[in-house]
Each structure stands twice: as C-alpha cells, then as structure tokens.
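A.B. asks: One structure follows; several queries about it will come next.
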RNA sequence: GCGGACGUGGCGGAACCGGUAGACGCACGAGACUUAAAAUCUUGCGGCCGCAAGGCCGUGCGGGUUCGAGUCCCGCCGUCCGCACCA
C-alpha cells in the first residue's frame with residue numbers, strides 16, 4: 033500500500049520560490065515570443081488591454097487568467113499562438129492626477145505601466161512581451177495620425193458643427209455611446225447639449241454593413257450582437273412629401289416626413305416638425321409666441337434628464353398641409369418638442385390611433401383619432417382607441433382603397449402609389465432605410481490624447497499635416513493650474529506655419545477620443561516594430577481576425593463597434609484586408625465581493641474583517657477593534673466601497689497559481705464570480721494536494737490492481753477538459769480536474785502501478801498546466817519529464833478507454849426510477865428489455881402481467897408503462 | 001414603454017438533442033491520525049416518514065404536451081441587463 037499522506041516524505045509546495053523560477057525559465061527559453069514566419073496554423077488570443085491606472089485588480093486577474101488558459105492550451109495543441117499585451121495609455125485619469133498631484137501625465141502613466149507590467153509578470157502569463165505597445169507612445173500614435181489623414185483623404189472623416197454632448201465636469205465632448213442615462217460615462221455629470229465644430233468619423237457610411245455583418249459573427253455572444261443591432265437601429269420606411277397649403281417664404285413648398293408606417297396614413301391627424309426644422313426657423317421671425325416656444329424647447333433640451341421627463345408640447349403654427357393621398361384633406365402643422373431633428377427628416381406625421389406619442393399629443397390638443405388598423409379577431413365597428421395606441425399588425429379599416437389589406441400589403445400599396453405621383457417635379461414618396469447610429473465625434477478638448485494632425489489656416493482652412501511631418505507630438509511641459517485644455521494655452525505649440533501657403537496658422541488643439549487608440553491596437557500587435565507604416569498588410573491579413581477576444585461586457589457597444597468600423601476604414605485605405613477584427617468574442621463577468629460597514633457607516637475593507645459563525649449565522653467583526661460589522665450586499669469590487677482584494681497580496685500569500693485557479697473555478701466565466709476567503713483557501717489546498725498526489729504517484733509501488741479504473745478516469749478527464757476549454761467553460765474544466773484528482777487518490781490507495789499512476793499524474797499535470805502553469809512545471813520536474821511543461825505537446829486521448837464494456841441503464845416504471853440494469857454495451861433493445869423484465873423489482877410490480885409498453889432508449893434509459 | 005437574459009440544496013454551480021436532478025467545489029457534521037491543534041485522509045450531507053429495506057415530495061408559481069419535463073408550449077411572479085420621445 034502506498035500512503036499519500038506521509039508528510040515526512042514530501043515537503044509542501046512553495047509557490048513563492050517556485051513561481052519566479054519558472055517565469056525566469058520561460059523567459060530564458062523565449063517560449064512565448066511569436067515568430068511571424070511560423071509555418072504552423074495561427075491562433076490569435078487577445079484580452080482587452082488595460083488602462084494603466086496604477087495597479088491591476090482582480091478583474092484583470094480573471095480576464096488574463098482566462099486568456100492565458102486559451103493561449104497555453106492552443107500552444108500545446110500545436111498552434112503558432114499570438115498572445116500580446118499593451119497599454120491603453122491615453123486618458124483623463126492621467127490629467128486628473130496631474131492636476132491633483134502636480135505630476136506629469138506622461139511620467140505618471142509610464143510609472144503605472146512599469147508597476148502593472150511587473151504585476152502581470154508575477155501572474156506568469158504566457159505573453160509575448162517583445163510586442164508590448166503603449167498608445168501614448170509617439171511610435172504608436174504617429175501611425176494613428178497617419179490613418180486619420182488617410183481616412184480624411186478617403187472622405188471617412190469630416191468636420192462640422194453639431195449639437196454635441198458636453199460633459200461640464202471633464203470639460204469635454206462625449207460621443208453618444210459615452211453618455212449613459214444622460215450622464216458622462218467617466219464623470220457621471222449630467223451631460224449638456226452644445227453646438228461645437230467637431231471632427232467626426234463617418235461610421236454611418238458603414239451602417240448597413242456593420243449591421244448585416246453581425247449575422248456572420250457566430251462566435252460572438254447573441255446578447256452583444258443584439259445590443260449592436262439595436263444601437264445601429266436599422267429601420268425601413270418611406271419618405272413622404274406633404275404639400276404646404278400656402279407658401280412660406282424661404283421654404284420649399286413641401287414638408288418631408290419619414291415614416292415606418294405609411295399604411296396608417298389615413299389615420300393621420302396632424303404633422304409635427306422639430307424646433308430646429310427649417311420650417312420652424314422660417315416661421316419664427318413673424319411669430320413671437322413661436323419664438324418663445326422654440327426657446328423653451330431649447331432650454332429643456334440642454335439637460336438629458338429634462339428630455340426624459342418632459343411632457344409632450346406643441347405649438348400650432350396655423351399652417352396646414354395637404355394629405356398626400358387626398359389633396360382636399362388638410363392637416364394642421366405643429367412644432368413639437370418630441371420631434372428630433374437628428375433622426376429621419378426632423379418631421380413626422382401624427383397617427384394617434386397607432387402611436388402612443390401621437391396619441392398623447394392628440395389627446396392633449398384635442399385632435400382626435402381614427403383607428404385604421406384593426407387587430408385580427410376584433411370587431412372593426414367596436415374597435416375604439418382612447419388612451420392606449422395599438423401599434424401591432426392587423427386588417428386595414430377606415431382607409432379607403434386600403435381597406436381589408438394586411439399591414440405589410442398596405443405599406444406596399446401606399447409606397448407604390450406615392451412613388452408614382454409627382455409633386456413639383458419630384459416623386460411624392462421614396463423608400464428609405466434609416467439608422468439610429470450617428471457619426472462618431474472624436475474631438476476631445478483634452479491634453480493627454482493623440483493630437484489631431486490638422487493645421488487651421490485663415491486662408492486655406494483646415495489643412496492636413498504632411499505625412500512627413502508626423503508625428504505631431506504633445507508638448508513635454510504642460511501646466512494644469514487652470515481648467516480646460518492646456519494645449520489651447522500653449523502658444524508655442526499651437527503656432528505653426530500653414531503647410532499649404534506658409535502663412536501663420538494654428539494647430540488643431542483637440543485630441544482624439546481615446547477609443548480611437550483602442551480601435552486598432554490589435555492590428556498593430558501583428559507588427560509593432562514597423563517604423564514607417566501602421567501595419568504590414570501581409571501580417572495583418574495573416575493574423576487577423578483575432579480568434580478569441582476576451583473582455584468585459586461594458587464594451588459591448590463602444591469599443592467593439594468602433595473597432596469594427598476601424599477595420600473597415602483601414603480596409604478602405606489599404607492598411608488591412610479584413611473587415612471584422614474579432615472572430616470570437618467572449619465577455620467575462622465581474623469579480624464581486626461582500627461589503628462591510630462599521631457602526632458609523634464607514635466601509636471596511638475585507639482585509640480588516642474576521643468572521644465568527646454561531647448557530648449557523650455568520651457575523652463579521654473588525655480585526656483590530658473587534659467592533660461588530662454589518663455584512664452588506666455582494667457588489668462589484670470598487671475603491672469607494674472598499675470591497676477590493678489586491679492581487680499582489682493574494683499572490684504574495686498564496687501564489688499566482690492559486691489566484692488563477694480560484695478565478696477559473698466555481699462560476700461560469702460569463703457570470704460574476706464572488707471572491708471569498710474560503711474559496712481562495714480551497715484553491716490553495718488543491719495546489720498542495722496536486723503536489724502531494726503527483727509526488728506520491730512518482731513513488732508508487734502498487735501491484736496494478738487499480739490501473740484500469742485510473743487510466744480510464746485520466747483519459748475521460750482529458751477528453752472532457754479538451755471539450756470544455758474549447759468552449760471556454762473553465763469552471764467545468766476545474767471540476768474535471770478535481771474528479772481526476774479524486775480518482776488518482778483512490779487509485780493510489782488501491783495500489784495502482786507506477787506506470788499507470790505516473791501516466792494519470794502526467795495527464796493531471798498537463799490538464800492544470802494552462803491554468804496553474806508554475807505548479808505544473810514543478811510537478812513535471814517531480815515526474816522526471818524532460819523539458820518544460822509549457823513546451824510539451826498536448827497528450828492524446830486513448831479513445832478505447834472511453835468506451836465502457838458494460839453500461840448501467842436506469843429503469844423507470846411509469847417515469848419514475850425504480851432500478852438499474854447492467855447490460856453489455858452492444859446489447860440490442862430486445863436483450864435490454866429481457867434483462868429489465870427479469871429484474872426482481874419489475875416482476876414484483878408486474879405481478880405476472882405484461883407491461884403495456886416498454887420504451888428502450890439505447891444507451892440512455894428504459895421506461896416501463898404498466 | 002421596447003428588447004433580452006435568468007430563477008436548481010445552506011452557498012457557487014452541473015445536468016449535451018426531452019432520458020438516473022444535484023457532477024465538482026465551498027460551508028457544515030461524524031470518524032481516523034495526533035499529548036493537542038493545524039494539516040491530511042475516510043465518511044455523511046435536498047426535504048419529510050422509517051431501525052432498516054424502502055416510500056413520498058422536490059428545479060420560482062399555475063396549467064399543458066409526452067411513456068418520461070430543470071429542459072418544450074401557454075399564463076403569471078420575481079431578479080438582473082441593454083435601449084429609451086428613433087416616427
């Protein structure tokens with residue numbers, strides 16, 4: 033008998049000594065440096081690169097642990113794996129630090145990078161550090177400026193005045209995607225609307241393609257695809273021109289509306305235009321009441337919060353338009369606060385019976401309603417709308433030539449008729465596809481970002497900086513003693529001659545949204561050493577798309593949509609041959625933790641808490657004062673609630689492998705994982721257990737009685753882990769490894785022979801190698817295997833061992849399990865039935881009668897109906 | 001309001017195409033080893049009845065389909081997420 037618990041023989045595994053040793057060994061062997069000319073099939077794994085905020089947090093540990101499992105696994109499977117790391121290094125926190133602590137943003141950022149690089153290296157990630165990039169490095173943003181100019185040249189960048197989201201706290205413009213619930217995504221301040229001249233990336237040029245291509249992203253979460261679809265917001269409708277009954281000076285003789293429901297045209301009661309609509313502008317001079325109304329709309333429009341709660345208000349202009357399907361029918365024209373100038377044509381026709389907004393409006397102003405779509409099964413004569421509009425499909429009623437048609441047919445009938453009619457030389461209607469998506473405003477009034485490479489000249493206008501003059505670098509010395517953009521105050525930096533005419537001119541002082549930086553970094557990783565070009569076309573086309581991208585769901589729209597746009601723009605400008613950056617996407621859940629508060633209501637960090645369980649109730653106390661603490665809800669780790677656990681502390685006391693193992697176990701990776709002290713300890717215990725088992729296996733002297741079962745268990749675990757790693761189900765991988773650990777324990781107790789024990793232990797080690805790479809190396813060594821575990825090819829499953837000779841089937845009687853029956857694997861249904869009927873339990877129930885029905889599902893179950 | 005996801009032991013979760021509900025882990029109980037503790041190993045662990053064999057109930061609630069439902073269908077309840085005057 034081999035004892036697995038003879039502590040004298042095996043010392044405890046010491047992560048603190050072993051982890052740096054193996055990290056040095058990997059670095060020395062340059063195992064993770066990827067060659068671009070590697071002939072093996074490629075696999076590109078990427079985790080979203082971090083912002084260098086100062087220190088890594090548990091969310092990073094989880095994210096990078098997952099990516100590293102995939103990278104190490106694919107490497108073992110013979111792929112040429114690209115697994116790089118970099119820094120999303122521009123952004124506001126650097127400027128805030130500069131303001132608060134009088135430090136230079138650059139120095140602050142690079143110091144943070146140095147710290148965090150060290151932290152990531154202590155995790156033992158299999159990263160190719162030779163490809164490291166930082167977006168704040170001129171060697172990086174130089175190329176971004178180059179692409180900006182190329183995009184400009186191709187018409188993919190424009191400059192225009194637009195109503196923009198202004199964050200009054202961060203003193204900068206925000207993109208629509210960066211406004212969440214009316215507040216700035218960083219500052220949380222209520223966003224205001226301002227008119228500013230801005231640079232825009234014309235993401236709407238690709239709206240249709242960005243929308244359609246989502247269907248091809250089969251390895252993206254359905255949820256993210258849906259969110260992007262909703263964000264792009266495609267709709268099909270009709271632009272319809274309504275003739276004005278009388279001429280208005282300075283305005284064409286018709287108002288064009290966009291509608292997705294031309295079928296409801298006979299239910300129209302009014303027409304409404306936005307306050308910014310040209311018609312309103314033309315009328316405003318002669319009408320002081322209208323002037324007042326528009327001013328009110330504008331005032332309300334400044335705060336997003338006001339829009340959300342605003343009552344629908346309108347102003348009757350006294351004008352009328354003619355109904356396009358009946359010129360004798362006149363409709364009143366309102367200016368209304370709920371009509372958006374930015375969507376469609378800034379004008380709508382109101383059909384109160386079938387649109388809730390229109391109904392609210394009509395009820396308020398006494399405009400009435402006429403139902404024109406009757407739900408299937410309703411009596412048309414009894415169908416009345418009072419205060420709930422019906423927006424579903426149905427049969428047309430009260431609609432003259434449309435009566436009796438379905439919704440879709442009526443749409444077609446109206447479209448066909450109006451497309452053929454002419455009003456002052458133009459068709460009355462045209463089919464139109466509309467998108468909710470707006471162009472991406474990239475101008476930011478900040479210092480710590482990529483300068484927009486444009487020079488403004490009095491005579492030439494905005495002039496691109498010549499490519500040879502790139503990069504436009506940020507000035508080194510800046511002061512943050514006053515609010516606003518320091519670039520604007522830096523006369524020396526701003527003043528340059530116009531590249532075109534040589535006259536005195538000024539630089540563009542806005543910098544690019546930092547989301548531009550992260551829109552192409554994954555492409556730069558394919559050849560980060562290039563000096564004169566953003567990318568090498570051949571390398572981009574070789575490595576992209578990223579095979580597996582892993583990051584937080586919070587980027588479902590912003591970063592992922594921008595990157596998809598950027599790839600298309602790079603394709604148009606020749607820097608890439610692919611359109612989609614990420615073939616596989618995985619969005620991982622957050623790391624959450626209990627919260628603790630003392631009697632005074634102050635948050636207490638987990639490190640200062642201890643617990644006592646009395647009578648099944650778990651209570652928390654302060655570690656120093658013994659004061660009782662309230663255990664609060666489990667929430668995302670955040671500095672404000674102090675429920676954070678520092679990865680450095682965990683790595684120092686348990687080792688990186690323990691932290692990684694725990695982050696991969698328990699919760700499914702897409703869901704939140706709860707960090708608990710017990711959980712970490714459980715992981716740490718397993719580290720020791722693996723070490724003990726492997727050493728015991730290496731010393732096994734058994735006679736082989738348990739070999740068959742052990743080998744089966746090992747190969748079953750191997751097959752299961754393969755399947756689950758491929759599907760990123762790391763929690764299940766962990767469970768399979770535990771199961772094999774149990775089987776090995778049992779095998780050693782049952783006197784497994786040394787060959788069988790070391791085979792199983794070797795498989796166990798290779799299974800944990802992607803997850804706990806340092807421990808795996810130590811075990812590899814203990815087993816006497818040559819080379820490094822990180823270099824070892826993945827073991828091959830012995831399929832023969834997965835097939836059982838005899839199988840045990842559950843036997844149900846009337847759907848309830850009553851017995852088991854063991855039959856040969858290849859027994860046919862008849863043989864199984866005979867075996868079941870011979871069972872004692874079955875005979876007792878049947879009392880000599882024949883069952884009414886016998887259902888045999890081969891290999892699964894038997895059910896008797898009696 | 002619109003769109004989506006989810007609901008399983010004390011806890012995290014597993015259960016593939018409708019086929020043994022609760023794998024694996026955590027917590028907890030019992031035992032072994034120890035002077036003792038820790039560590040480790042063994043063992044138990046959905047609820048109820050029972051000494052046991054065994055039986056009954058059980059996947060948010062109510063119905064349905066099926067030989068058989070955590071899984072499919074209909075209707076509720078609850079939680080979470082995204083969008084939100086988009087015509």
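In my numbering, the protein residues as written are 33 to 898. Idealized CB from N, CA, C, for every residue including glycine.
Could you tell me the alpha carbon to alpha carbon distance between residue 34 and residue 661, rounded to whole angstroms?
C.D. replies: With a pLDDT of 34 at residue 34, under the threshold of 50, the modelled position of that residue is not reliable, and the figure given next carries that caveat. Cα-Cα distance, rounded: 48 Å.
A.B. asks: What number of angstroms, rounded off, separates the C-alpha of residue 476 from the C-alpha of residue 264?
C.D. replies: When rounded, the distance between both Cα atoms is 23 Å.
A.B. asks: What separation, rounded to the nearest whole angstrom, lies between the Cα atoms of residue 129 and residue 170?
C.D. replies: The C-alpha of residue 170 is placed about 21 Å away from the C-alpha of residue 129.
A.B. asks: Pairs of beta-carbons, one from the stretch 747-763 and one from the stretch 826-842, closer than 8 Å: are there three or more?
C.D. replies: yes
A.B. asks: Just the C-alpha distance for residue 525 and residue 507, rounded to the nearest angstrom, thanks.
C.D. replies: 7 Å
A.B. asks: Using the three-state DSSP reduction, which class does residue 225 fall into: helix, strand or coil?
C.D. replies: strand
A.B. asks: Around the Cβ of residue 317, are there at least 16 other Cβ atoms within 10 angstroms (buried) or fewer (exposed)?
C.D. replies: exposed
A.B. asks: Give the range of the alpha helix (DSSP H) segment to which residue 887 is assigned.
C.D. replies: Taken as a continuous stretch (DSSP letters only), residue 887 belongs to no alpha helix (DSSP H), being part of the beta strand (DSSP E) at 885-889.
A.B. asks: When the Cβ atoms of the stretch 482-492 are set against those of the stretch 531-542, are three or more pairs found closer than 8 Å?
C.D. replies: yes
A.B. asks: Going along the chain, which residues of its own chain have a beta-carbon closer than 7 Å to the beta-carbon of residue 560, five neighbours each way excluded?
C.D. replies: Closer than 7 Å at the Cβ level, and outside the excluded window around residue 560, lie 163 and 165.
A.B. asks: Could you tell me the boundaries of the beta strand (DSSP E) in which residue 850 lies?
C.D. replies: For residue 850, the enclosing beta strand (DSSP E) has its first and last residue at 848-856.
A.B. asks: For residue 854, which of 846, 44, 869 and 847 has the nearest alpha-carbon?
C.D. replies: 869
A.B. asks: Out of curiosity, what's the CA-to-CA distance linking residue 652 and residue 642?
C.D. replies: Approximately 6 Å between the Cα atoms of the pair.
A.B. asks: Just how far apart, CA to CA, sit residue 194 and residue 503?
C.D. replies: 28 Å
A.B. asks: Assuming residue 217 and residue 210 form a contact by the criterion Cβ under 8 Å, report the distance between their Cβ atoms to the nearest whole angstrom.
C.D. replies: 4 Å
A.B. asks: Expressed to the nearest angstrom, what Euclidean distance is found between the alpha-carbon atoms of residue 768 and residue 731?
C.D. replies: 24 Å
A.B. asks: Smallest Cα separation from residue 302: which of 849, 346 and 139?
C.D. replies: 346
A.B. asks: Can you pull the DSSP bridge partners for residue 397?
C.D. replies: Looking at the DSSP output, residue 397 sits in no beta bridge, so it has no partner there.
A.B. asks: If you follow the alpha helix (DSSP H) that residue 739 is in, where does it begin and where does it stop?
C.D. replies: 739-758
A.B. asks: Could you work out which residue in 231, 404 and 796 is closest to residue 431 when comparing CA atoms only?
C.D. replies: 404
A.B. asks: Considering only the beta carbon of each residue, do residue 401 and residue 385 sit closer than 7 Å?
C.D. replies: Yes, these two residues count as a Cβ contact at 7 Å.
A.B. asks: Are there 16 or more other CB atoms within 10 angstroms of the CB of residue 550, so buried, or fewer, so exposed?
C.D. replies: buried
A.B. asks: Within the same chain, show all residues whose beta-carbon is closer than 8 Å to that of residue 38, passing over the 5 residues directly before and after it, in chain order.
C.D. replies: Any reading at residue 38 must be qualified, since the residue scores a pLDDT of 41, below 50, and its modelled position is unreliable; the value itself is stated next. Within the same chain, residue 38 has no close Cβ partners at all.
A.B. asks: For residue 42, which of 728, 598 and 771 has the nearest alpha-carbon?
C.D. replies: Of the candidates 728, 598 and 771, the one whose C-alpha sits nearest the C-alpha of residue 42 is 728.
A.B. asks: Which one or two residues does DSSP pair with residue 650 in a beta bridge?
C.D. replies: DSSP, once it has assigned bridges, lists 645 as partnering residue 650.
A.B. asks: Where residue 898 and residue 874 are concerned, what is the direct C-alpha to C-alpha distance, given to the nearest angstrom?
C.D. replies: 10 Å
A.B. asks: Should residue 283 and residue 322 be called a contact, given that it needs their Cβ atoms to be closer than 7 Å?
C.D. replies: no
A.B. asks: With a Cβ-Cβ cutoff of 7 Å, do residue 348 and residue 375 count as a contact?
C.D. replies: no
A.B. asks: Quick one: residues in its chain with C-beta nearer than 7 Å to the C-beta of residue 833, no 5 flanking neighbours on either side, listed in chain order?
C.D. replies: 743, 744 and 747
A.B. asks: Tell me, please, whether the stretch 776-793 touches the stretch 81-90 by the rule of three or more beta-carbon pairs shorter than 8 Å.
C.D. replies: no
A.B. asks: Is it buried or exposed, residue 843, if we count other Cβ atoms within 10 angstroms and call 16 or more buried?
C.D. replies: buried
A.B. asks: Determine contact between the stretch 628-642 and the stretch 603-612, defined as no fewer than three beta-carbon pairs at a distance below 8 Å.
C.D. replies: no
A.B. asks: I'd like to know whether the C-beta atoms of residue 439 and residue 482 end up nearer to each other than 7 Å.
C.D. replies: No. Outside cutoff.
A.B. asks: Per DSSP, which residues does residue 841 bridge with? Please list them.
C.D. replies: 853
A.B. asks: Buried or exposed, going by whether 16 or more other CB atoms sit within 10 Å of the CB of residue 343?
C.D. replies: exposed
A.B. asks: Pair every Cβ in the stretch 556-576 with every Cβ in the stretch 679-692, then say whether three or more of these pairs are closer than 8 Å.
C.D. replies: Output reads no: the stretch 679-692 does not touch the stretch 556-576.
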